[in-house]
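Using the working numbering, you'd call the opening residue of the sequence shown number 1 and step up by one each time.
Below you'll find the structure, written out as structure tokens, and then a few comments.
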Amino acid sequence: MSMDKPTSREQFTLSLRVRPEPIMVRDPFLEFLGLVGPEEPIAVGFEELVKAAGHMCPTVAGAYLVLRHGLKALYGDEPAVRGNVQVTAYGGPTDFGYGPISQLVNLVIGAASETGFGGLGGGRFRRRDLFVFRSDDLRHSEFDFARLDTGRSVHVTYDPGVVPTPKDLSAAIGPALSNGDAASVARFRSLWNGRVEDILEADARAVRIQPAGS
């Protein structure tokens with residue numbers, strides 16, 4: 001994996017051995033404001049999640065895979081609709097990366113916690129409280145996705161363990177952080193980014209979709 005050198009601040013391109021498909025969504029609020037055409041789909045790519053997170057890691061890859069496969073289970077080949085999906089994480093904001101994941105879920109599908117947009121008028125286009133943390137029911141990397149219009153819901157589990165972690169990864173972190181020499185940093189980057197690429201390559205094997213309530 002390498003990152004192409006940007007020629008301006010507007011450019012950000014990842015060179016990966018896999019090409020994650022963009023997640024297609026619609027945004028009725030953007031349509032209402034005339035910023036996109038009626039029912040015009042919007043592509044949200046993996047690179048945008050990396051840019052928003054400020055890094056690439058198994059958690060960011062997991063957010064992408066959970067979103068792509070969870071939304072596909074609800075919408076099939078149609079674009080998912082922002083503001084029409086509630087996402088529940090089984091844990092609190094500081095458990096299992098659920099806090100950072102919630103920010104990426106908000107970016108893609110508009111499901112926000114209590115800090116989200118409250119809507120116009122009587123709450124139209126509301127995003128607030130569409131991401132729910134179940135701190136009372138702690139589970140590792142498990143989510144519910146529910147459509148508000150149809151009531152259809154699915155349970156999504158992310159399991160990066162289907163891809164073995166490189167045995168030298170843990171040992172490479174210390175030298176890269178403390179020494180900072182080019183060789184140590186390059187080795188860590190290769191192992192770290194390679195693991196993320198392995199997870200993306202595993203794709204649906206790293207995600208399990210079940211009926212809600214599982």
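All residues carry an ideal CB built from backbone N, CA and C; glycine is no exception.
Which listed residue (the options) has its alpha carbon closest to that of residue i
| i | options | result |
| --- | --- | --- |
| S102 | R152, R128, A202 and I199 | R128 |
| P28 | G83, F12, A52 and I173 | G83 |
| S190 | F143, M56 and S153 | M56 |
| H69 | S170, S153 and L14 | S153 |
| R126 | R187, R134, D136 and S113 | S113 |
| T94 | L107, T13, R134 and R205 | R134 |
| G97 | A61, G45 and T165 | A61 |
| D198 | A53, P58 and F32 | P58 |
| T225 | L130, K51 and R195 | A question about residue 225 goes unanswered here, because the residues of the chain that appear run from 1 up to 214. |
| K167 | R205, Q210, Y158 and W192 | W192 |
| G151 | G194, R187 and P211 | P211 |
| Q11 | V132, E47 and S170 | E47 |
| V85 | L148, E201 and L177 | L148 |
| T165 | E40, R195 and A43 | R195 |
| I23 | R17, L14, E40 and L67 | L67 |
| S222 | F188, D181, A182 and T13 | It is not possible to answer for residue 222, since the shown part of the chain is limited to 1 through 214. |
Limits of the unbroken alpha helix (DSSP H) element including residue i
| i | result |
| --- | --- |
| Y90 | Where Y90 is concerned, there is no enclosing alpha helix (DSSP H), given that its DSSP letter is neither H nor E. |
| A176 | L169 to S178 |
| H69 | P58 to Y75 |
| R195 | A182 to A202 |
| L30 | P28 to F32 |
Residue i classed as buried or exposed, judged by whether at least 16 other C-beta atoms fall within 10 angstroms
| i | result |
| --- | --- |
| P6 | Caution applies to P6, whose pLDDT of 49 falls short of 50 and renders its modelled position unreliable; the model cannot decide the point. |
| N179 | exposed |
| G174 | exposed |
| R19 | exposed |
| H155 | buried |
| V162 | exposed |
| G121 | exposed |
| T160 | Just to set this straight, residue 160 is Pro in the shown sequence, not Thr. P160 should be labelled buried. |
| E142 | buried |
| R124 | exposed |
| L33 | exposed |
| L65 | buried |
| A186 | exposed |
| G37 | exposed |
| G110 | buried |
Supposed contact pair residue j and residue i - C-beta distance, whole angstroms, cut 8 Å
| i | j | result |
| --- | --- | --- |
| P100 | V25 | Not really, about 20 Å apart at Cβ, beyond 8 Å. |
| L71 | F145 | 7 Å |
| T157 | R205 | Their Cβ separation, rounded to whole angstroms, is 12 Å, which puts T157 and R205 out of contact at 8 Å. |
| G215 | R139 | Here the chain comprises residues numbered 1 to 214, so residue 215 is not present and cannot be evaluated. |
| A73 | L104 | No, A73 and L104 are not in contact; Cβ-Cβ is about 18 Å, not under 8 Å. |
| V108 | V44 | 5 Å |
Unbroken beta strand (DSSP E) run spanning residue i, endpoints
| i | result |
| --- | --- |
| F133 | F131 to F133 |
| E142 | E142 to R147 |
| V162 | That residue, V162, is in no beta strand (DSSP E); it is neither H nor E in DSSP. |
| P211 | V207 to P211 |
| A43 | I42 to V44 |
| T157 | S153 to Y158 |
In chain order, what are the residue ranges of uninterrupted alpha helix (DSSP H) at least 4 long that sit wholly in the segment 96-127? 98-109
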